[in-house]
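So the protein sequences, as listed, match chains B and X.
Using the working numbering, read the first sequence as starting at 1 and increasing by one per residue.
Using the working numbering, read the second sequence as starting at 221 and increasing by one per residue.
Here's the structure we're looking at; comments come further down.
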Amino acid sequence: MSITRWLRRLAPLMVCLVLLVTACSSAPSKYDQVQKDTTGFGSPAAVNKKAEKGGTFNAFFPGDQGNYSVIPYQEKKGFAEYKLEQDGKTLAMLTISDTTSVPAAAEKYKGATESISGFPSVEQGSTATGVLVNDRYQVKVLSRDPSFTKADRVSWLQKFDLQGLAQLKGALKPVAKPTAALPETPTAATPPTAPAEPKTGLKLPKVQLPGLSPSLQPAS
Amino acid sequence: MSKKIYEIVDKLPTGGLTVRALKTLDTFVPGQWNNLVGFDNTIKTVTGETDEAMVQAIGERAIALFNDKKQGYQSALWLYETVDSASGLLGAAALANRIGQDTFLGFLKNLSPKPEKAQTIDLVVKLVAEVVAFCKISGIPGDSLGDFLAALGDYSSESLVRMAALVSFDGIIPLGADFSTKALSAIKGMGASDLDNNQTFKGIKDEIPGHDSKSKLSFMTESFESTKGWMDKFVGDHNITQSKLVDNLGGFIEGSKGKLDYLGAFLDMSVKYYEHTGTQTLARRLIERAVAEI
């Protein structure tokens, strides 16, 4: 009948349409789930509101030693990173991060069988060695050159001021306004003992600038 | 819909005009840039990790960080994309098709070179975009030129080649060897209205420090003046000259010799080096942070 005839005529068109639509949508990726989980209304922030300011960590990084240079690289909320260079060649990255944003990062130290300066230590992947300070601050050294071995990573982890970092928890100030609804803030029992001379980090002499809009503050 | 950083990095081209133009700079900064593309490939190359579960974990953290708007990565990417598209003209695709054809010379003749003033503003706006975007990515306060200059001294790979492209394609080719002096004196003689009529400035002005065009111009002048020494030294150290640049580009842009202003306009509309290398810088920093945080 005429309907069948119409359908027969429409069929190629429909096939084309289907092909077009499928061609437009991208191939599935192993990252689609995390993309879905971290976008859209109500998706969780990647960095916990209470995470320590990255700049606070600068004080606990080692300084230049001999022909090794320790160069500021990144400083974001809950995270600070330095590059370890020798004669202009990058050997490793030195980092401190606040695991309040990534609880699984702290979890992995529960089964730690090794320790460095009294703090639990684990090997992660083939290039990283980390320690967890006060169940919260993760200090990692990540090799960027094959000549920089696990022994070198351990040696550089020992050069951090881990004991100083351990005092930081008590010096924490709550980021959000304290309200009754908030979970318990860190105890005030430990007095703040941040080192008097913090590493300058990314700060250098400032150039005098014109008035700036409030939108140009550090990204986080 | 939110942009997918893993798709953007996966789709970075391995060939085409942008990549070819950037590769010509290898003469001046040898071995610095190897056009790192692909999200997983970037993770493996940057971190040295090959275990799939580890790569996945790093990738997931990097994606979460990118998707959190407060982290500043999205606006940095927007800056790199916008400053390129705002400075170019329409019709890049049509132009690209003509490369290597004998009609290309004829096409060049129909292309209007950008006036020197517009070219100067482009150069300065692009430099400021770098200051602001790089600061967002690295967590340096965006108004801190001193911190930026310190970081600039440590630039390498795709970040260094982006600066090499800036001084070459937006400086030396259209404005000549003394581009920095010329541009600085030109920008000092400009007023806010000159900026307001410029497409590149209009494209990203909301992200430039300053509450109005006048103070934005002041920040731009200051940024350029502070960076001028670095740019001049870079050009001198790497012996970058207009004739060498044109010789290198001549390898694939036929008929470009002797038509420098046209070549500048052509590069402007068809080479998206800020977007390309900016995405690579952003991916690298994201991944460096992700692997440390997991």
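Using N, Cα and C, we set each Cβ at its ideal position, and we do this for glycine too.
Tell me, please, whether the CB atom of residue i is closer than 8 Å to any CB atom in chain X?
i                      : result
residue 144 of chain B : yes
residue 60 of chain B  : no
residue 105 of chain B : yes
residue 76 of chain B  : yes
residue 97 of chain B  : yes
residue 109 of chain B : no
residue 131 of chain B : no
residue 35 of chain B  : yes
residue 147 of chain B : no
residue 116 of chain B : no
residue 125 of chain B : yes
residue 39 of chain B  : yes
Between which residues of its own chain and residue i is the CB-CB distance below 6 Å, once the five residues before and five after are set aside?
i                      : result
residue 291 of chain X : 285
residue 504 of chain X : 266
residue 282 of chain X : 506, 507 and 510
residue 215 of chain X : No information on residue 215 of chain X is available, as it lies outside the stretch 221 to 514 that chain X covers here.
Alpha carbon to alpha carbon, what distance is there between residue j and residue i?
i                      : j                      : result
residue 91 of chain B  : residue 415 of chain X : 44 Å
residue 195 of chain B : residue 108 of chain B : No answer about residue 195 of chain B holds up, because its pLDDT of 41 lies below 50 and its placement is not dependable.
residue 376 of chain X : residue 252 of chain X : 7 Å
residue 382 of chain X : residue 256 of chain X : 14 Å
residue 197 of chain B : residue 100 of chain B : Per-residue confidence for residue 197 of chain B stands at a pLDDT of 44, beneath the threshold of 50, marking its modelled position as unreliable; the derived number appears in the next sentence. Each residue's alpha carbon lies about 26 Å from the other.
residue 36 of chain B  : residue 511 of chain X : 21 Å
residue 436 of chain X : residue 443 of chain X : 10 Å
residue 500 of chain X : residue 59 of chain B  : 30 Å
residue 445 of chain X : residue 80 of chain B  : 30 Å
residue 396 of chain X : residue 388 of chain X : 9 Å
residue 191 of chain B : residue 130 of chain B : Since pLDDT at residue 191 of chain B reaches only 40, below the 50 mark, its modelled position is unreliable, and the value read off the structure follows with that caveat. Going from the Cα of residue 191 of chain B to the Cα of residue 130 of chain B covers about 26 Å.
residue 370 of chain X : residue 44 of chain B  : 34 Å
residue 410 of chain X : residue 423 of chain X : 19 Å
residue 132 of chain B : residue 276 of chain X : 22 Å
residue 426 of chain X : residue 413 of chain X : 16 Å
residue 288 of chain X : residue 342 of chain X : 30 Å
residue 294 of chain X : residue 496 of chain X : 15 Å
residue 449 of chain X : residue 494 of chain X : 21 Å
residue 127 of chain B : residue 152 of chain B : 11 Å
residue 40 of chain B  : residue 222 of chain X : 8 Å
residue 502 of chain X : residue 83 of chain B  : 17 Å
residue 67 of chain B  : residue 55 of chain B  : 25 Å
residue 96 of chain B  : residue 154 of chain B : 15 Å
With a threshold of 7 Å on Cβ separation, who are the neighbours of residue i within its own chain once the five nearest residues in sequence on each side are excluded?
i                      : result
residue 271 of chain X : none
residue 353 of chain X : 296, 299, 300 and 498
residue 144 of chain B : 90, 91, 92 and 93
residue 458 of chain X : 248 and 249
residue 368 of chain X : 351, 354, 355 and 360
residue 468 of chain X : 244 and 247
residue 238 of chain X : 491, 492, 493 and 496
residue 135 of chain B : 106
residue 513 of chain X : 281
Taking DSSP as the reference, what is the three-state secondary structure of residue i?
i                      : result
residue 223 of chain X : coil
residue 89 of chain B  : strand
residue 233 of chain X : coil
residue 394 of chain X : helix
residue 120 of chain B : strand
residue 256 of chain X : coil
residue 194 of chain B : Unreliable positioning characterises residue 194 of chain B in this predicted model, as indicated by a pLDDT of 40, which lies under 50. The coordinate reading is nonetheless provided below. Of the three classes helix, strand and coil, the one that applies to residue 194 of chain B here is coil, per DSSP.
residue 79 of chain B  : strand
residue 31 of chain B  : coil
residue 167 of chain B : coil
residue 300 of chain X : helix
residue 428 of chain X : coil
residue 95 of chain B  : strand
residue 377 of chain X : helix
So, at 8 Å on beta carbons, what are the nonlocal neighbours of residue i in its own chain, with the 5 sequence-adjacent residues on each side left out?
i                      : result
residue 30 of chain B  : none
residue 380 of chain X : 249, 252 and 253
residue 264 of chain X : 270 and 275
residue 125 of chain B : none
residue 358 of chain X : 371 and 505
residue 65 of chain B  : 159
residue 404 of chain X : 441, 444, 445 and 448
So that I know if they touch, is there some Cβ in chain B lying closer than 8 Å to that of residue i?
i                      : result
residue 290 of chain X : yes
residue 508 of chain X : yes
residue 387 of chain X : no
residue 206 of chain X : Lying before the first or after the last residue shown, residue 206 of chain X is absent from chain X, which here runs from 221 to 514.
residue 267 of chain X : yes
residue 359 of chain X : yes
Legend entry - Sequence ranges, beta strand (DSSP E) only - wholly within the region 99-164 of chain B, length at least 3: 114-116, 119-124, 128-133 and 137-143
Legend entry - Segments assigned alpha helix (DSSP H), at least 4 residues, entirely inside the region 431-506 of chain X: 433-457, 462-470 and 480-490
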